[in-house]
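Asks: Take this structure first; my questions come after.
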Amino acid sequence: MDFVGKVKWDAWTAAGDISQEEAQKQYIAVVEGLLKESGSAGADSAPKSVAGPGLTIEVKDGVRTIKLNRPEKRNAMTAEMYDAIGKSLTEANTDSATNVVVLTGSGEYFCSGNDVSNFTIVKDIKSTADAACERLRACITSCINCQKPLIILVNGPAIGIGVTILGLADIVYASEGAHFTTPFSSLGLTPEACSTYTFPRIMGYTKANEVLLLNAKITARQAEATGLVSEVFPDKTFAAETAKRVQAMAQLPVKSLVYTKDLIRGRERKLLHEINVSECDRVNERCQSEDSMNAIAKYFSREK
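Each step along the sequence shown adds one to the number in full-length UniProt numbering, with nothing skipped, and position 93 is 93.
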């Protein structure tokens, strides 16, 4: 739609016998109407809801909500969940009913990291690690390529991938009770989701090193102070407050959102893809290493 041409025409034709002040009011009304029309394009489509292994996906009122749904496992990530998230993010790019994408969790946790409960008993560690890291790489590739704004709602504690993925989000809201831990070095592993690049850019090298190297646990308020989290809300009002902000963004002209995001992130996309590959290659090597296997086995022996 030619916004400028239509606004000028409507304002001119309406201004024949009215005052300049009234003409300006009508001009503003026309612009607001066009913005509302453009912003809600696709938002009036019938809601769509899909339940997959470990998560649910709903598209409603311009918002595509991907919700991790393994509360009994603290929303620990499985291979199937990585596949489903990557597929949904890719679909969002061409879905006219999706203006923004939301990733959140159900229950008390946002995400407790990867589900490694069966990792110490697998027979073929190489093929298992190869497949897992390829799925991780593909999912993060979809995050990097996501054209629509990606909002992450951290409804509770986040561990591992539940923390590192935040650096690829456009906006991150957290509940006050959330805390963030990246226990990679304690498990003989290394970070993923491009966090070795995004975290130093967001919070500075010294704080990023503290988080990624020393497994430092930080609170929601501390994460907000570093810039990793956009805003923190009380636990009781978290759902309502964030829903308002998500809906407000979903009503904005989608092309403006897409183009602005591309201007902000487009130049570094190629670099992020390269970092993603490098990180996944190193994670793969670490998963197959003796020190990592011993560290994971020791962790589960303490849990029993």
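The beta carbon of each residue, even a glycine, is placed where N, CA and C say it ideally should be.
Identify whether ALA193 lies in helix, strand or coil by the three-state DSSP scheme.
Replies: Coil, per DSSP.
Asks: Do PHE133 and LEU168 have their C-beta atoms within less than 8 angstroms of each other?
Replies: A quick correction: the sequence has Cys, not Phe, at residue 133. Cβ distance not < 8 angstroms, so CYS133 and LEU168 don't count as in contact.
Asks: Classify VAL154 as helix, strand or coil using the three-state DSSP reduction.
Replies: In the structure shown, VAL154 sits in a strand (DSSP, three-state: E or B).
Asks: Return the residue from the list ASN69, GLY204, LYS60 and VAL232 that minimises the CA-CA distance to ASP112.
Replies: The sequence given here places Ser at residue 112; Asp does not occur at that position. Taking only the C-alpha atoms, the option nearest SER112 is ASN69.
Asks: Can you tell me where the alpha helix (DSSP H) holding residue 305 begins and where it ends?
Replies: In this structure the chain extends from 1 to 304, so residue 305 is not present and cannot be described.
Asks: Assuming the contact rule is C-beta atoms closer than 8 angstroms, PRO191 and GLU279 should be a hit. Round their C-beta distance to whole Å, please.
Replies: Rounded, the Cβ-Cβ distance is 7 angstroms, consistent with contact.
Asks: I believe ASN155 touches THR104 by the beta-carbon criterion, under 8 angstroms. Please report the beta-carbon distance rounded to the nearest angstrom.
Replies: Confirmed, about 6 angstroms.
Asks: Can you tell me whether DSSP reads CYS287 as helix, strand or coil?
Replies: Note: CYS287 maps to helix in three-state DSSP.
Asks: My assumption, with CB atoms under 8 angstroms, is that THR226 sits in contact with LYS207. Please give the rounded CB distance.
Replies: The pair is a contact, with the Cβ atoms about 6 angstroms apart (cut-off 8 angstroms).
Asks: Helix, strand or coil for ARG64, going by three-state DSSP, please let me know.
Replies: Three-state DSSP puts ARG64 in a strand.
Asks: Excluding the 5 residues flanking residue 305 on each side, which residues of the same chain have their C-beta closer than 6 angstroms to its C-beta?
Replies: With the chain running from 1 to 304 in the structure shown, residue 305 is simply not present.
Asks: DSSP state of SER301, grouped into three classes?
Replies: Here SER301 sits in helix by DSSP.
Asks: Is LYS261 closer than 8 angstroms to GLN147 when the C-beta atoms are compared?
Replies: Yes, the pair counts as a contact, with Cβ atoms nearer than the cut-off.
Asks: Cα separation between GLY177 and PRO253?
Replies: So the alpha carbons of these two residues sit roughly 33 angstroms apart.
Asks: With ALA216 and GLU224 assumed to form a contact (beta carbons below 8 angstroms), what rounded beta-carbon distance in angstroms separates them?
Replies: ALA216 to GLU224, Cβ: 15 angstroms. No contact.
Asks: Can you tell me the Cβ-Cβ gap for LEU228 and LEU166, rounded? I've got them flagged as a contact below 8 angstroms.
Replies: Correct: roughly 6 angstroms between the Cβ atoms.
Asks: What is the C-beta distance between PHE199 and LEU212, in whole angstroms, given that I count them as a contact (C-beta under 8 angstroms)?
Replies: Sure, about 6 angstroms apart at Cβ, within 8 angstroms.
Asks: Thinking C-beta only, is VAL50 closer than 8 angstroms to ALA97?
Replies: The answer is no: Cβ separation not under 8 angstroms.
Asks: Could you check where the beta strand (DSSP E) with GLU231 kicks off and where it finishes?
Replies: 231-233 is the span of the beta strand (DSSP E), which, as asked, contains GLU231.
Asks: Go ahead and label residue 311 buried or exposed: buried means 16 or more other beta carbons lie within 10 angstroms of its beta carbon, across all protein chains shown.
Replies: One cannot answer for residue 311 here, as it falls past the ends of the chain, which runs 1 to 304.
Asks: Give the DSSP bridge partners of ALA174, in chain order.
Replies: Bridge partners of ALA174: VAL154 and VAL232.
Asks: Give the single residue among THR164, PHE238 and ARG221 whose Cα lies nearest to the Cα of LEU153.
Replies: Residue PHE238 is the option with its Cα nearest to LEU153.
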